[in-house]
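For the protein sequence lines, the chains are A and B, in the order given.
Under our numbering, the first residue of the first sequence is numbered 1, with each subsequent residue one higher.
Under our numbering, the first residue of the second sequence is numbered 1001, with each subsequent residue one higher.
Built from N, CA and C at the ideal position, the CB exists for glycine as well.
To start, the structure itself, in structure tokens.
Number of protein chains: 2
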Amino acid sequence: MAERGPYAKGVAKREEILTVALEHFARRGYDRASVREIARESGLSQAGLLHHFSSKQELFLEVIRRRDDRDGDPVNHRHLHSVDHLIAAVEHNVDEPGLVRLFVTMSAESVDEPSVARSFFESRYEWLRGELRADIRARQDAGEVSASLDADDLASLMVAAADGLQLQWLLQPEKVDMPRRLKTLWSLMTQSGSSTQSPE
Amino acid sequence: MAERGPYAKGVAKREEILTVALEHFARRGYDRASVREIARESGLSQAGLLHHFSSKQELFLEVIRRRDDRDGDPVNHRHLHSVDHLIAAVEHNVDEPGLVRLFVTMSAESVDEPSVARSFFESRYEWLRGELRADIRARQDAGEVSASLDADDLASLMVAAADGLQLQWLLQPEKVDMPRRLKTLWSLMTQSGSSTQSPE
DNA sequence: GTCTATATTTTGATAGAC
DNA sequence: GTCTATCAAAATATAGAC
């Protein structure tokens, strides 16, 4: 499966471009990001870059697909997502402001129009809500979460809170403890509201 | 205070421009929005528009300040905000997808760099969290909300959920009932978790 | 696979007439 | 207050040499 022969170089360059582009899109957002600039930082001319990715949008889509895979199983497409995974992801995100910025910016921009990016985020959110809903339903069956609550609502709220916290955190990192607050939310869903968040 | 004389026309045109610009920024986002296009839709040339607002950024800031005022007291600067206001605002937003899109897009874009827009959103979020925190603390004193919970966390979570739900709603309006879900969240905070959302 | 060169479009902003 | 005309600076994308 390892690259060999004439393709090795191309693949390596592709990877390098994607890494640079990720950082660049994260820092500037889609519109303000420039293919020229990404090419320059990758040690290529603009035309050289567009040999690997024929358009700016194609490059962008490759970037976000790649980041998404990293969060799930590195091998295949991501499977299995749960409340625990979501919380773990948010904890991890504290160390990667660039990636968080990328997703906040890109998901927001995607609503502007029907586009490949919009389809990507639509299906991503639907998938994520579905995974969480299934996890929450299982926990309802286990008596961990009140069965009187709508699993759809809870799943959607967990995702929404994670997203909204990211935005607040990006604006004022020192004032917003994302993981702590998301855990607080989850504790509201699991406990009967009487006890507090577990110490630490 | 009513406009009179030579200024009346200018003020009216200013208002018209702001209305058009609001819709335009909401639809396209800041970067993709074009002053030329806004001018055309306002029945002006680009230079004509820039007589009223000397730059694109000035126009943009005027637009978001204006929308923000509309949500609070129409007269003066907004004062008093509470959980009830937040929920009411979200209920109202269901009828104004353009405005929601504007804020989602603009707040996300604002994190890209230090800018006037970023300062605006930073202080806006800080203000909003502060208002909600005060309201929640009052409710804790009244025994409505458990005193063992951190009012800061709850306030931040309410804002985060509202923002995150907006994004999900913009992507799939038919699948995301924003107000219902935000109310569900609030019920988790107020009740002991034992009872369900009020039947309605 | 990578380059230089260029076509094409679009943008924000300004100058100056009316 | 609004216009026409224009500038200067980007951007994406393509053509064709090497």
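Between the Cα of residue i and those of the options, spot the shortest distance and give me the residue it belongs to.
{"i": "I171/A", "options": "W1186/B, T1019/B, A1108/B", "result": "The sequence shown places Leu at residue 171/A, rather than the Ile named in the question. Checked all of W1186/B, T1019/B, A1108/B; the closest Cα to L171/A is A1108/B."}
{"i": "L1128/B", "options": "H1081/B, W1186/B, E1144/B", "result": "H1081/B"}
{"i": "A21/A", "options": "L49/A, K9/A, A8/A", "result": "L49/A"}
{"i": "R14/A", "options": "Q166/A, R36/A, L59/A, F25/A", "result": "L59/A"}
{"i": "R1180/B", "options": "S1146/B, H1092/B, T1105/B, Q1140/B", "result": "H1092/B"}
{"i": "V94/A", "options": "T184/A, L185/A, Q191/A, M178/A", "result": "M178/A"}
{"i": "E122/A", "options": "P1173/B, Q1191/B, R1036/B", "result": "P1173/B"}
{"i": "R124/A", "options": "A151/A, K175/A, D68/A", "result": "D68/A"}
{"i": "T184/A", "options": "I87/A, S55/A, S54/A", "result": "I87/A"}
{"i": "T190/A", "options": "W169/A, I136/A, G130/A, V100/A", "result": "I136/A"}
When the Cα atoms are used, what is the spatial distance from residue i to residue j?
{"i": "G1029/B", "j": "E113/A", "result": "10 Å"}
{"i": "H52/A", "j": "P97/A", "result": "27 Å"}
{"i": "L1018/B", "j": "E1062/B", "result": "8 Å"}
{"i": "E126/A", "j": "S156/A", "result": "9 Å"}
{"i": "L1102/B", "j": "G164/A", "result": "16 Å"}
{"i": "L182/A", "j": "S45/A", "result": "44 Å"}
{"i": "E1144/B", "j": "H1024/B", "result": "43 Å"}
{"i": "A138/A", "j": "R1040/B", "result": "56 Å"}
{"i": "L1149/B", "j": "G1043/B", "result": "54 Å"}
{"i": "L188/A", "j": "R1032/B", "result": "41 Å"}
{"i": "D153/A", "j": "I38/A", "result": "41 Å"}
{"i": "A147/A", "j": "I64/A", "result": "36 Å"}
{"i": "L1167/B", "j": "A89/A", "result": "19 Å"}
{"i": "E1016/B", "j": "S1119/B", "result": "26 Å"}
{"i": "W1186/B", "j": "L1132/B", "result": "12 Å"}
{"i": "K56/A", "j": "M1106/B", "result": "22 Å"}
{"i": "L99/A", "j": "W169/A", "result": "13 Å"}
{"i": "Q140/A", "j": "M158/A", "result": "16 Å"}
If you count every other CB in all the chains shown that lies within 10 Å of the CB of residue i, and 16 or more means buried, which is it?
{"i": "V1011/B", "result": "exposed"}
{"i": "K1009/B", "result": "exposed"}
{"i": "S1034/B", "result": "exposed"}
{"i": "V116/A", "result": "exposed"}
{"i": "S1110/B", "result": "buried"}
{"i": "A1162/B", "result": "buried"}
{"i": "A142/A", "result": "exposed"}
{"i": "A26/A", "result": "buried"}
{"i": "A160/A", "result": "buried"}
{"i": "A47/A", "result": "exposed"}
{"i": "D1084/B", "result": "exposed"}
Give a yes or no on whether the minimum CB-CB distance between residue i and chain A is below 8 Å.
{"i": "S1130/B", "result": "It is worth fixing the name first, because residue 1130/B is Gly in this sequence and not Ser. So no, G1130/B is outside the interface."}
{"i": "L1185/B", "result": "yes"}
{"i": "V1176/B", "result": "yes"}
{"i": "L1188/B", "result": "yes"}
{"i": "G1048/B", "result": "no"}
{"i": "E1023/B", "result": "no"}
{"i": "F1031/B", "result": "Going by the sequence as given, residue 1031/B is Asp instead of Phe. Chain A, which has a Cβ nearer than 8 Å to the Cβ of D1031/B, makes this yes."}
{"i": "E1126/B", "result": "yes"}
With 8 Å set as the bound, which would you pick, yes or no: does the beta-carbon of residue i sit closer than that to a beta-carbon of chain B?
{"i": "R181/A", "result": "yes"}
{"i": "S34/A", "result": "no"}
{"i": "D84/A", "result": "no"}
{"i": "R137/A", "result": "no"}
{"i": "E41/A", "result": "no"}
- Closer than 8 Å, Cβ to Cβ, to anything on chain B: give me those residues from the segment 141-174 of chain A, in chain order. Flagged, chain order: S146, S148, L149, D150, D153, L154, S156, L157, V159, A160, A161, A162, D163, G164, L165, L167, Q168, L170, L171, Q172.
- Task: Name, going along the chain, the residues of the segment 1090-1112 of chain B whose beta-carbon falls closer than 8 Å to a beta-carbon of chain A.
- Result: R1101, V1104, T1105, S1107, A1108, E1109, S1110, V1111, D1112
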